[in-house]
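Residue numbers (the working numbering): 390 to 431.
Dropping the structure here:
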């Protein structure tokens, strides 16, 4: 298991089909981007 702490301006790139999770420890704005488009999110 790999743990990363992201700072403002950082990004995380997670390959398709890789189990993952995230936890905000401060007030956070997050953007999820998927390509190709995930039909279950449309």
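Here a beta-carbon is modelled for each residue, glycine too, at the ideal position from N, C-alpha and C.
Please report how far the alpha carbon of residue i lies from the alpha carbon of residue j, in whole angstroms.
| i | j | result |
| --- | --- | --- |
| residue 397 | residue 415 | 11 Å |
| residue 423 | residue 411 | 16 Å |
| residue 391 | residue 413 | 16 Å |
| residue 399 | residue 417 | 12 Å |
Tell me which residues share the same chain as residue i and place their Cβ nearer than 7 Å to its Cβ, disregarding the 5 neighbours each side in the sequence.
| i | result |
| --- | --- |
| residue 395 | 401 |
| residue 409 | 403 |
| residue 430 | 423 |
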